[in-house]
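Visitor: Residue numbers (the numbering used here): 19 to 770.
By construction, the Cβ of each residue, glycine as well, lies at the ideal position given by its N, Cα and C atoms.
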Ligand code: MOS
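Written out as structure tokens, the structure is:
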């Protein structure tokens, strides 16, 4: 149980571990939010504004209210008091749209909720919502795609607090760029993207006196509770949020959206449970999106390929209401060794719903730009892009002036080039063919933050030989149930099938939000400490039980291994299983609690903590029929110790598929006339699916990062999406000779 113990061969950690929740999912027993039923349940359907800028002059609810089965049409005059929420310590109280629903009559974006129909059935509620008539004073919305930075102050407020728009600076970037022998100055654009998890947002709210319970599709039950408690003027302990299974979120469910207080307010007024499930179309309106970005990258280099200067100036779109910060420069200051650097940002307000974190927020669009620029510069210098990166590999994080806790990017390149066969690449455009089609090969590096949120957990050893681990985090489909079981099993020696996992309920010890790829590293120390404390409690029980073999032993005499207590001197063969000790003591269980502090947001870190990796992508190009396909990807990730290599590879493969969508398919278009998202359906908003997925080979390096936690596990939810679009667009250039600097790559870009 030392802090640096090696992982025993009997542990499931670091191995392919099928998901413990797999059987309940594939047999349909897993309950997603809208699967919970309650007596007297009512159904709510929001009414969205059909303008994107202006104000409501009149709301006509009369015919909707008269429809049989309609319980109420809520709007500003009858929804009741809803307060604003505010940021709290430790990334709690986070919300991307602070304005309570219906707070005023001003419309800032298309689809903003203006009313809520509640009825006995979903169909009636939908019909009633459709029957609500609004009259507006409409103005022309601003959904302009070209971004010019607004006249903001140097320091601006963002969702997570103030940020200086001069984000990072060292050396004299202007002079260095001016005198650099080789220069690159390009602008890269990423579009608005809309999260489209399979499960749309769902919430069911019910009141019992002053107790509010919410069944919610949430990536952060504790934060959601804290925000809702503020909005309804309740102590935290009066709000309970339950999220047992989530049909994914990609960041859209990280922070609460206005549908949630709407359901709660409606349930309060009607004294009945109210369920609100968003139709797919409304996923494009008021539950976040990845904001459009426009990023100018300037690089100065020597002819030998040494970076002299790097400048990254980016602008992103934001809504009229919120201050979501799209942190495109997150990886820029540390990713390469360069003496002169500047990162700045600007923001441009648009009549579009709130921006939000979407898988790899900031760094994903950011690394698309900077890694594309690195590839273009390598091409200009006639240096292999891998070699160009090796030449500029930093020894430390030059932005923070701190050593990396663990960075093995060069080894990622080594393994990736070998597995992909990169040495066979001929750099001339269109020079590689296979089976009559043109091949393009491209690559890019990637990085993502590694840190911990605060976390608490409990572990119970029970008299039937099972273990229960509990933590108010949630599994958004990424494998958290299994990770919790693995950690409890690892420390207690109880096999996985005897470990029960309780999560997704704020009545459990407070756990991390499933965001920033931070949940997994955060739960490790909390669960291990909880298990240790449960074992310590068990030993105390063993020593104190009359007639126990361990009665009156000194604490140091005893040891616990693989579920068995034994006297060290006698060895484990003469040990007693823990459940026998509990039975002898007439105890049902021995409990331990554990908690660990946050490292995320630490103002004085000792190390720069990140994960790293690289992608190698192959595209095939058939100019005769204008067909472009991603045909092969090799990805290597350095993310510390991988708790579950099976779910871990799957996680990276999924991110790569999403990256194919980012590079070639995904974008949300807004109608310049009325500001509506035009392609607001899964028929028109195209995401990459299995049919688009080529063979994707994922490799993990295995360097535990003990700065993060004692197992050395960093998170892997997001890093797989970073860099992949730049690798694909470079492969597109290699095949076609066309540089596409605005995503997604469209076929018309490639037609000469
Ligand atoms: Mo992720 S955007 O932190 O859900």
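Residue 372 and residue 736 look like a contact to me (Cβ under 8 Å); what is the Cβ gap, rounded to whole Å?
Guide: Wrong, their Cβ atoms sit about 20 Å apart, outside the cutoff.
Visitor: List the whole-angstrom C-beta distance separating residue 112 from residue 214, where the pair is believed to meet the contact cut-off of C-beta under 8 Å.
Guide: With a Cβ gap of about 22 Å, residue 112 and residue 214 do not count as contacting.
Visitor: When the Cα atoms are used, what is the spatial distance from residue 426 to residue 290?
Guide: Distance between the alpha carbons of residue 426 and residue 290: 56 Å.
Visitor: For residue 701, which residues does DSSP report across the bridge?
Guide: Note: residue 701 sits in no beta bridge, so no partner.
Visitor: Among the residues of its own chain, which have a CB less than 6 Å from the CB of residue 590, if the five just before and after it don't count?
Guide: So the list reads 579, 582, 584, once near-sequence residues are dropped.
Visitor: Could you pull the DSSP bridge partners for residue 60 from this structure?
Guide: For residue 60, which the question treats as bridged, DSSP gives the partners 292.
Visitor: Which residues share a DSSP beta bridge with residue 722?
Guide: Residue 722 is not bridged to any residue.
Visitor: Quick check on the burial criterion: 16 or more other C-beta atoms within 10 angstroms. Buried or exposed for residue 121?
Guide: With fewer than 16 Cβ atoms within 10 Å of its Cβ, residue 121 is classed as exposed.
Visitor: According to DSSP, is residue 628 part of a helix, a strand, or is it coil?
Guide: DSSP places residue 628 in strand when its eight states are reduced to three.
Visitor: What residue from 89, 358, 596 has the CA that sits closest to residue 329's CA?
Guide: The option with the nearest alpha carbon to residue 329 is 358.
Visitor: When DSSP labels each residue in this structure, what does residue 768 get in the three-state scheme?
Guide: Residue 768 falls in the helix class under three-state DSSP.
Visitor: Using a Cβ-Cβ cutoff of less than 6 Å, which residues in the same chain neighbour residue 22 once the five nearest sequence positions on both sides are dropped?
Guide: Confidence in residue 22 is poor, its pLDDT being 42 and thus under 50, which makes the residue's placement too unreliable to answer from.
Visitor: What are the uninterrupted segments assigned as alpha helix (DSSP H) that are 4 or more residues long and contained completely in the region 222 to 265, given in chain order?
Guide: You should have 239 to 249.
Visitor: Ignoring anything shorter than 3 residues, give me the beta strand (DSSP E) runs that lie fully in the region 121 to 185, in order along the chain.
Guide: Entirely contained in the region 121 to 185, the beta strand (DSSP E) runs reaching 3 residues are, in chain order, 131 to 137, 151 to 156, 173 to 176, 179 to 182.
Visitor: Quickly, what does DSSP pair residue 691 with across the bridge? List them, please.
Guide: In the DSSP output, where bridge partners are listed per residue, residue 691 has none listed.
Visitor: From this set, 71, 108, 25, which residue's C-alpha is nearest residue 471's C-alpha?
Guide: Per the Cα distances, 108.
Visitor: Over the uninterrupted alpha helix (DSSP H) stretch that includes residue 5, give me the two end residues.
Guide: Because the chain spans 19 through 770 in this model, residue 5 falls outside it and cannot be assessed.
Visitor: Kindly indicate the opening and closing residues of the alpha helix (DSSP H) around residue 500.
Guide: Residues 498 to 510.
Visitor: Taking all protein chains shown into account, do 16 or more other C-beta atoms lie within 10 angstroms of the C-beta of residue 19, making it buried, or fewer, making it exposed?
Guide: Confidence is the limiting factor: at residue 19 the pLDDT is only 35, short of 50, which leaves the residue's position unreliable, though a coordinate-based value still follows. It counts as exposed.
Visitor: Looking at the secondary structure, which residues open and close the beta strand (DSSP E) in which residue 334 lies?
Guide: 325 to 337 is the extent of the beta strand (DSSP E) around residue 334.
Visitor: Between 238, 477, 766, 768, which lies nearest to residue 524 when the distance is taken from Cα to Cα?
Guide: Here the closest residue by C-alpha is 238.
Visitor: Taking the straight line between their C-alpha atoms, what separation do you get for residue 690 and residue 161?
Guide: So the alpha carbons of these two residues sit roughly 6 Å apart.
Visitor: How long is the line joining the alpha carbons of residue 469 and residue 628, rounded to whole angstroms?
Guide: Taking the straight line from one Cα to the other gives about 8 Å.
Visitor: Between residue 237 and the ligand MOS, is there a pair consisting of the residue's CB and a ligand heavy atom that are separated by less than 7 Å?
Guide: Residue 237 Cβ: within cutoff of the ligand MOS.
Visitor: Just the C-alpha distance for residue 530 and residue 412, rounded to the nearest angstrom, thanks.
Guide: Answer to the nearest angstrom: the Cα atoms are 32 Å apart.
Visitor: Is it the case that the Cβ atoms of residue 521 and residue 740 are separated by a distance below 8 Å?
Guide: No; because the gap between Cβ atoms is not below 8 Å, this pair is not in contact.
Visitor: Using a Cβ-Cβ cutoff of less than 7 Å, which residues in the same chain neighbour residue 189 once the five nearest sequence positions on both sides are dropped?
Guide: Only 357, 358, 359 meet the Cβ criterion.
Visitor: Between which two residues does the alpha helix (DSSP H) holding residue 586 run?
Guide: Counting along the chain, residue 586 falls outside any alpha helix (DSSP H), and DSSP gives it neither H nor E.
Visitor: Taking its Cβ as the centre, do 16 or more other Cβ atoms sit within 10 Å of residue 766, making it buried, or is it exposed?
Guide: Residue 766 is exposed by the Cβ-count criterion.
Visitor: With a 10 Å radius around its C-beta and 16 neighbouring C-beta atoms as the bar for buried, classify residue 248 as buried or exposed.
Guide: Classification of residue 248: buried, given that the 10 Å Cβ count is 16 or more.
Visitor: Could you spell out where the alpha helix (DSSP H) holding residue 672 opens and where it closes?
Guide: Residue 672 -> alpha helix (DSSP H) spans 663 to 682.
Visitor: Can you list the residues near the ligand MOS, meaning Cβ strictly closer than 7 Å to any non-hydrogen atom, in the order they appear in the chain?
Guide: In chain order, the qualifying residues are 237, 267, 268, 269, 272, 375, 376, 377, 378, 379, 532, 533, 534, 535, 735, 736.
Visitor: My guess is that residue 559 and residue 608 are in contact by the Cβ rule of under 8 Å, so how many angstroms apart are they, rounded?
Guide: Indeed, because the Cβ distance is near 6 Å, the residues count as touching under 8 Å.
Visitor: In this structure, how does DSSP classify residue 85 when only helix, strand and coil are distinguished?
Guide: Correct three-state label for residue 85: coil.
Visitor: What three-state label does DSSP hand residue 312 in the structure shown?
Guide: If DSSP states are grouped into helix, strand and coil, residue 312 belongs with the strands.
Visitor: The beta strand (DSSP E) spanning residue 204 covers which residue range?
Guide: 200 to 208 is the extent of the beta strand (DSSP E) around residue 204.
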